[in-house]
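*Asks:* Quick one: this structure, given as structure tokens, is what I'll be asking you about.
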């Protein structure tokens, strides 16, 4: 999570802002490794310092980072992986519970939050996200918002207490979905 926060801050606000956040946080490095485990609470602490430096609520920092992870061209693989969840936004939502297990097959050391989906009615869902990191549910809100846009779906996504997120699909054909293209490799013989 810290590597994602680092990338988001550096790409969006520039290295000097990230350096100021690191100094304020009291961390000894400005570069976090994606597969290393850091002290519990460090990501939440650094995000709070980022919020202070930027003058924004920490929830907004996390949500914007979630959006960044899906929409930034440098993270196109994340978007493609998520789009494999289904042909519609509703299909994608139903695939969320399977995502941690699928990810662990490829990256066993990767720690993802537990996600539970409940369909309350037509176009009405709740997602409960459990993680040791406080900001993860808000990151998921940002990712869900970006994915709804990617699918061309207009929806209302509301974070609630306890990692609960309420989703109401207002128009599943609001806009043309973004194209899903897969990279091609040429095979020479």
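Residue numbers (my numbering): 1 to 189. Just so it is clear, CB atoms sit at the ideal spot from N, CA and C, and this is done for glycine as well. Nothing here was measured: the structure is a model prediction, and the numbers come from that model.
Kindly indicate which residue of 30, 5 and 147 has the alpha-carbon position closest to the one of residue 83.
*Replies:* 147
*Asks:* Give the DSSP bridge partners of residue 157, in chain order.
*Replies:* According to DSSP, residue 157 bridges with 167.
*Asks:* Which whole-angstrom value describes the C-beta separation of residue 133 and residue 39, a residue pair presumed to lie in contact below a C-beta threshold of 8 Å?
*Replies:* With 8 Å as the limit, residue 133 and residue 39 do not qualify as a contact, their Cβ atoms being about 12 Å apart.
*Asks:* Around the C-beta of residue 23, are 16 or more other C-beta atoms found within 10 angstroms, so that it is buried, or is it exposed?
*Replies:* exposed
*Asks:* Distance, Cα to Cα, residue 80 vs residue 154?
*Replies:* So the two alpha carbons sit approximately 20 Å from each other.
*Asks:* Looking at C-alpha atoms only, which residue of 51, 164, 142 and 74 is the closest neighbour of residue 20?
*Replies:* 51
*Asks:* In chain order, what are the residue ranges of uninterrupted alpha helix (DSSP H) at least 4 long that sit wholly in the stretch 81-155?
*Replies:* Runs found: 89-95, 99-106 and 136-150.
*Asks:* Looking at C-alpha atoms only, which residue of 69, 4 and 29 is the closest neighbour of residue 142?
*Replies:* 69
*Asks:* Which value, in whole angstroms, describes the spacing of the CA atoms of residue 167 and residue 27?
*Replies:* Cα to Cα, the separation comes out at about 36 Å.
*Asks:* Grouping DSSP H, G and I as helix and E and B as strand, with all else coil, what is residue 57?
*Replies:* coil
*Asks:* Alpha carbons only, please: which of 65, 36, 121 and 149 is nearest the one belonging to residue 13?
*Replies:* Of the candidates 65, 36, 121 and 149, the one whose C-alpha sits nearest the C-alpha of residue 13 is 65.
*Asks:* For residue 91, count neighbouring Cβ atoms within 10 angstroms of its own Cβ and tell me buried if that reaches 16, exposed if not.
*Replies:* Classification of residue 91: exposed, given that the 10 Å Cβ count is below 16.
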